[in-house]
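Asks:
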Amino acid sequence: MNITHRPSDELMLDYASGALSEGWALAIATHLSMCGSTSSLLRGMETIGGILLDEADEACISDKMFGSILDKINSDMISSVGQKKTANDRRFGSVVPQPLATYVGNDLEDLAWKNLGLGVRHLPIELSDKATSARLISIPAGKPVPEHSHSGRELTVVLSGGFHDVTGEYGPGDIQEAYGDLEHQPHARDAEDCIALAITDAPLRFSGIAARLVQPFFKI
Numbered sequence: 000m001n002i003t004h005r006p007s008d009e010l011m012l013d014y015a016s017g018a019l020s021e022g023w024a025l026a027i028a029t030h031l032s033m034c035g036s037t038s039s040l041l042r043g044m045e046t047i048g049g050i051l052l053d054e055a056d057e058a059c060i061s062d063k064m065f066g067s068i069l070d071k072i073n074s075d076m077i078s079s080v081g082q083k084k085t086a087n088d089r090r091f092g093s094v095v096p097q098p099l100a101t102y103v104g105n106d107l108e109d110l111a112w113k114n115l116g117l118g119v120r121h122l123p124i125e126l127s128d129k130a131t132s133a134r135l136i137s138i139p140a141g142k143p144v145p146e147h148s149h150s151g152r153e154l155t156v157v158l159s160g161g162f163h164d165v166t167g168e169y170g171p172g173d174i175q176e177a178y179g180d181l182e183h184q185p186h187a188r189d190a191e192d193c194i195a196l197a198i199t200d201a202p203l204r205f206s207g208i209a210a211r212l213v214q215p216f217f218k219i
């Protein structure tokens, strides 16, 4: 598994500190279960962050100190982690990553998928908090989803297959962070369907009239 897109440092620090809401945490945990390199980086963040915080007066931590923590994590960990494969790296098969399996079970084909049109399917995932919305998306091989931008943030974790858009190519284990300034139209790879976990904190902004008309019914 060649994972090239990983979460930002800010997201990883929020995850390590427990500051993320349930949906964002689910996306990061799913990515972590598929990427040994990011898992190693997280352990480094937890270790180095704990040491630095123990040595500092918590009431006096400034933006400069926060930046130095990031710099030290990157300098100490990235060189040793890099693209190295670890025992935690695995190829995605029929088994759903464990953090996600807690919500949807282990068999993606045995789920009550809902049709969105043009072969695209989705499965809403129930979360205990309402800060974000979560869903699985299935895009037929070689097909796009409707062009859209974002009202807030969207995290997408590829489970199988892959897609490409204006920002690059994404395969199993890759995570995409999208914000309001990104307008894109993800296309699934030609060889196989793309199945991904998508988390949003605000409705998408579809460019086409047809997609906007059906959007209230699907609550995307």
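The sequence shown begins at 0 in numbering that gives the first Met the number 0 and counts up by one. Note that beta-carbon positions come from the ideal geometry of N, C-alpha and C, so glycine has one too.
On the premise that G22 lies in contact with I194, defined as a C-beta separation below 8 Å, what is that separation, rounded to the nearest angstrom?
Replies: Walking along the sequence shown from the start, residue 194 turns up at place 195. Walking along the sequence shown from the start, residue 22 turns up at place 23. Not quite, the Cβ-Cβ distance comes to about 18 Å (not below 8 Å), so this is no contact.
Asks: Measuring only the C-alpha atoms, how far is L196 from G172?
Replies: Here residue 196 refers to the residue found at position 197 of the sequence shown. Here residue 172 refers to the residue found at position 173 of the sequence shown. Cα to Cα, L196 sits roughly 10 Å from G172.
Asks: Measuring CB to CB, does H121 end up less than 9 Å from I136?
Replies: Residue numbering aside, residue 121 sits at position 122 when the sequence shown is read from its first letter. Residue numbering aside, residue 136 sits at position 137 when the sequence shown is read from its first letter. For H121 and I136, yes; Cβs fall inside 9 Å.
Asks: Should the stretch 126-136 be called in touch with the stretch 0-10, which here means at least 3 C-beta pairs below 8 Å?
Replies: Not touching, per the Cβ criterion.
Asks: Is it the case that the CB of T166 approaches a heavy atom of the ligand ZN more closely than 8 Å?
Replies: Ligands in the displayed structure: none, and consequently the ligand ZN is not present.
Asks: Alpha carbon to alpha carbon, how far is E9 from K142? Give it in angstroms, no decimals.
Replies: Walking along the sequence shown from the start, residue 142 turns up at place 143. Walking along the sequence shown from the start, residue 9 turns up at place 10. Each residue's Cα considered, the two are about 33 Å apart.
Asks: If you draw a straight line from the C-alpha of V156 to the C-alpha of A26, how long is it?
Replies: Here residue 156 refers to the residue found at position 157 of the sequence shown. Here residue 26 refers to the residue found at position 27 of the sequence shown. Cα-Cα distance, rounded: 7 Å.
Asks: Report, in whole angstroms, the separation of the C-beta atoms of A140 and A100, which I expect to be a contact under 8 Å.
Replies: Position 141 of the sequence shown, counted from the first residue, corresponds to residue 140. Position 101 of the sequence shown, counted from the first residue, corresponds to residue 100. Contact doesn't hold; Cβ gap of about 24 Å is too wide.
Asks: Output the distance between the C-alpha atoms of A190 and I138, rounded to the nearest integer angstrom.
Replies: Here residue 190 corresponds to residue number 191 of the sequence shown, with the count starting at 1. Here residue 138 corresponds to residue number 139 of the sequence shown, with the count starting at 1. Distance between the alpha carbons of A190 and I138: 12 Å.
Asks: With a threshold of 16 other CB atoms inside 10 Å of the CB of L248, please say whether the residue is buried or exposed.
Replies: The question about residue 248 has no answer here: the residues shown for the chain are numbered 0 through 219.
Asks: Ignore the nearest five residues each way along the sequence and tell me which others in Q97's own chain have a CB closer than 7 Å to its CB.
Replies: Position 98 of the sequence shown, counted from the first residue, corresponds to residue 97. Cβ within range, chain order: S32.
Asks: Whose C-beta lies closer than 8 Å to the C-beta of K113 among residues of the same chain, with five residues either side of it excluded?
Replies: In the sequence shown, residue 113 corresponds to position 114, counting from 1. Hits under 8 Å: R120, H121, L122, P123 and F217.
Asks: Which value, in whole angstroms, describes the spacing of the CA atoms of A228 and A28?
Replies: No answer is possible for residue 228: it lies beyond the span of the chain, which begins at 0 and ends at 219.
Asks: Check each candidate in A177, T46 and E168 and name the one with the smallest Cα separation from E153.
Replies: In the sequence shown, counting from the first residue as 1, residue 153 sits at position 154. Comparing Cα positions, the closest option is A177.
Asks: Residues in the same chain with beta-carbon distance under 8 Å from T131, minus the five sequence neighbours each way, listed in chain order, please.
Replies: For the purposes of this step, residue 131 is taken as the residue at position 132 of the sequence shown. The residues are S20, E21, G22, W23, I198, T199 and D200.
Asks: Hey, quick one: how far does the beta strand (DSSP E) through P98 stretch, first residue to last?
Replies: Numbered from its first residue, the sequence shown carries residue 98 at position 99. Premise fails: P98 lies in the alpha helix (DSSP H), Q97 to V103, not in any beta strand (DSSP E).
Asks: What does the alpha-carbon distance come out to for the pair S159 and T46?
Replies: The residue labelled residue 159 in the question sits at position 160 within the sequence shown. The residue labelled residue 46 in the question sits at position 47 within the sequence shown. Answer to the nearest angstrom: the Cα atoms are 32 Å apart.
Asks: Could you pull the start and end residues of the beta strand (DSSP E) that I124 belongs to?
Replies: Position 125 of the sequence shown, counted from the first residue, corresponds to residue 124. Element bounds for I124: V119 to I124.
Asks: Given a cut-off of 9 Å on the beta-carbon distance, is the pair E168 and E146 in contact?
Replies: Here residue 168 refers to the residue found at position 169 when the sequence shown is read from its first residue. Here residue 146 refers to the residue found at position 147 when the sequence shown is read from its first residue. No, they are not a contact pair.
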